[in-house]
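The listed protein sequences derive, respectively, from chains A and B. Heads up: the first sequence at position 7 corresponds to 9 in this note's numbering, and the numbers run straight through without jumps. Heads up: the second sequence at position 181 corresponds to 773 in this note's numbering, and the numbers run straight through without jumps. Here a beta-carbon is modelled for each residue, glycine too, at the ideal position from N, C-alpha and C. First comes the structure, then the notes that go with it.
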Amino acid sequence: MKGKMLIIMALFLVLTGGTVAMAHGGNQHSQSNSSMKGMDMNGKDKGMDMKGMDMNGKDKNMDMSGSKSNDDMQGMNMGGDEPVKETPPNVKVLGTYGVVNLAFILIGIWNKWFRRKDGSYGNTK
Amino acid sequence: MAIPSNKYNTEKIQVDGAKQPFNLLSIPTIKKFIQSRWYPGIFQWAAFVVFSVIVYELVAGTVDPTRNIGTSLTWVLWWPLVPVFFVLIGRFWCAICPFGKLSDIIRKTIGSERPTPRFLRKYGLWIIDLFFIAITYSDHIWGIVESPRGSGYLLLLLVTMVVGTSVFYERRTFCKTLCFLGGLSGNYSRSGALELRGTPDICKTCKTQSCFKGSDKAEGCPMFQFVRTMDSSADCNLCGNCVKSCPNNSIRISPRVPTSELWGTKNPKIEHSFLAAVIMGIVFVQNITMISIWQDILKAISFVTGTENYTINFTVAYIISMLIPILLLLGTAKLAVLTGGSISKVKQNFVRFGYAIIPLDLAGHLAHNLFHIITEGRAVWYNSAALFGANVTRGDLAFASASSVQILQYIIIVIGMVGSLYTAYRIGNKGTFKALMPYYTLMILLAVMNIYLFSMPMMHRV
């Protein structure tokens, strides 16, 4: 009976949003908003503009352009309305991967079909 | 506190002599399916097709992470679900992993099948630990998760490593000794609710050893396991090869009490304990960098380092986050010796009780990613629909409010804490409260740190 009551209470807390249990006492909006004050995402605020934290997209880790907000997280939206600049696939990078993988495959073919025909190593099958 | 070997052996004998747990292979349909050629092939090929689409979309699709199906499927759906798999079905994911399948294909067609180099066999787990740390670090420096291209290149890097190792080496050398997820999955699977084992009475009469060597029905264990001596689920993929090969019907797959393996480990290794502590540090990093106080932390670090260079300041924060759980565990091990609660050496305590952190690791990982899957989960639906050309009106990405998720996160952390406390109690051989007090304090402290971090508003991935 006690267990059932606990489960019901836990479900109630979860489904009602359970703001009673938060460390910030449910003032999530004000906290996150205030925390982000001074965080100019264009780097105009010298006080908060740290190198490597370019919010114009150089540092993707801190690029919040993709961040979306929901009812509880409005303070964490860092101006996600800017359109994303699409870029084509990087042929150089993909080509490098392709060449390296192809080289491995050619080594494998050479090893398997020309150099070592007895299959003397490893698994039975 | 080390378990006296005589006591440990007695306990094991009692367990072995006790009633055997339920064997899933006693259900004919399941056994027939696992023995069939369709298992795990159909899951592997399904995962392989989805993986190919993901890689294509990541490297050639939109660079907007909210609209890229590759980003959604990888970081919003797969990454949060993977630890759940490990808890429920052990390392089954590794059996169907696209990298593993690719490894199998390469090895069977053009592989030299050479033995795994001694260096990898000896230091593989350390390499995995370092690789895992490096990938998390790279993610924060170059933004791999938030960048579809970055994620794509990471997957292609792993593909290259898989191809490179499979061309030369036998079985799943990559999975066993290099895959960053392999270390994580190994540690988490120890807490899992499913185990594959042999029946000792049957195995001791076996002369074929086909579970390891293979047979005409299936290859030998891809993870280099010999079922007869296997006492851990850390390296069992549940691929079913041993079920297919065993001529004596010795294999059983049974449910078990989650975390039960952690306190019965015969040969605890420092690599595992180190990784357990590191994962806790990584959970801290992942949380801290997504909450509002992160800017204050960076500011404080920049005050000390004298530079505002993000890479330098993040590196400092990262190292500190890694060191906190490692030093806490080390300190606790030392304290246990100093207070006379343990007759073992500090290193032994560190190694043995490091396993007790694993349930909290798992809880932290689950709780962190629960936020992403619940508050960003609809992105998976929107982007999947868009992939197939369906016109779906995009709305809020969340299934539930962040405050609801927080309550679930607290519950998960508390469950993890209970798991860790009980594991410490069992590793300590059900010692007195006073003797194990340092470990209990550590587990509660780690849980409180997690709960504090989860109480902060968190940013989204997509």
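- Assignment of I845 of chain B by DSSP, reduced to helix, strand and coil, places it in the strand class.
- Partner residues in the beta bridge of I883 of chain B, as assigned by DSSP, are B:M1050.
- Taking CB atoms only, I622 of chain B has no neighbour in chain A less than 8 angstroms away.
- Look at Y761 of chain B here: in three-state DSSP terms it is strand.
- Contact annotation: F691 of chain B and V754 of chain B have beta-carbon atoms nearer than 8 angstroms.
- Note that the segment 815–826 of chain B does not touch the segment 867–884 of chain B; fewer than 3 beta-carbon pairs, one per stretch, sit closer than 8 angstroms.
- Under the 8 angstroms criterion on CB atoms, G110 of chain A is classed as interfacial with respect to chain B.
- Close to chain A, meaning a Cβ-Cβ distance shorter than 7 angstroms, are the following residues of the segment 643–662 of chain B: V651, A652, T654, V655, D656, P657, T658.
- Taking 4 residues as the shortest admissible run, the segment 963–1024 of chain B contains the following complete alpha helix (DSSP H) segments, listed from N- to C-terminal end: 970–979, 994–1019.
- Chain order gives the chain B residues near F106 of chain A as V755, G756, V759, where near means a beta carbon separation below 7 angstroms.
- Separation of N1021 of chain B and V943 of chain B (C-alpha to C-alpha, rounded to the nearest whole angstrom) is 15 angstroms.
- Contact between I619 of chain B and L786 of chain B does not hold, since the beta-carbon distance rounds to 14 angstroms and is not under 8 angstroms.
- Shown here for V929 of chain B: same chain residues with a beta carbon closer than 6 angstroms to its own, the five before and five after excluded, namely V938 in chain order.
- DSSP links R706 of chain B through a beta bridge to B:Y761.
- Close to L748 of chain B, with beta-carbon spacing below 7 angstroms, are these residues of chain A in chain order: Y99.
- With contacts defined as CB atoms closer than 8 angstroms, Y1002 of chain B and R986 of chain B fail to qualify as a contacting pair.
- Contact between N615 of chain B and I845 of chain B holds, with the beta-carbon distance rounding to 7 angstroms and staying under 8 angstroms.
- Between the alpha carbons of Y1014 of chain B and I1036 of chain B lies a distance of about 12 angstroms.
- Around the C-beta of L108 of chain A, fewer than 16 other C-beta atoms lie within 10 Å, and the residue is accordingly described as exposed.
- Using a CB distance cut-off of 8 angstroms, K114 of chain A counts as an interface residue toward chain B.
- CA-to-CA, the gap between T621 of chain B and R629 of chain B works out to about 14 angstroms.
- At the C-beta level, G1011 of chain B and T851 of chain B come within 8 angstroms of one another.
- Contact between N779 of chain B and I950 of chain B holds: their C-beta atoms lie close to 6 angstroms from each other, under 8 angstroms.
- Per DSSP, L773 of chain B is one residue of the alpha helix (DSSP H) stretching across 772–782.
- The bridge partners DSSP lists for G932 of chain B come to none.
- When DSSP assignments are scanned along the segment 643–725 of chain B, the uninterrupted stretches of alpha helix (DSSP H) that are 4 or more residues long and fall wholly within it turn out to be 671–681, 684–688, 690–702.
- The residue among B:G775, B:P1049, B:T931 with its C-alpha nearest the C-alpha of A869 of chain B is B:G775.
- Proximity of chain A to Y745 of chain B at the Cβ level (cut-off 7 angstroms) is accounted for by V95, in chain order.
- Short of 8 angstroms from the beta carbon of P1049 of chain B, and not among the five residues preceding or following it, lie these beta carbons of its own chain, in chain order: I883, S884, A994.
- In this chain, the beta strand (DSSP E) harbouring L786 of chain B covers 786–789.
- Following the DSSP letters along the chain, one finds T621 of chain B inside the alpha helix (DSSP H) bounded by residues 620–627.
- The beta carbons of E853 of chain B and S825 of chain B sit about 6 angstroms from each other, so the pair counts as a contact at 8 angstroms.
- Of the candidates B:S1047, B:I626, B:C771, B:I626 places its Cα closest to the Cα of N833 of chain B.
- For S704 of chain B, the nearest CB of chain A lies under 8 angstroms from its own CB, placing it at the interface with that chain.
- When secondary structure is reduced to three states using DSSP, E863 of chain B falls in the helix class.
- R741 of chain B belongs to the set of residues whose beta carbon lies under 8 angstroms from a beta carbon in chain A.
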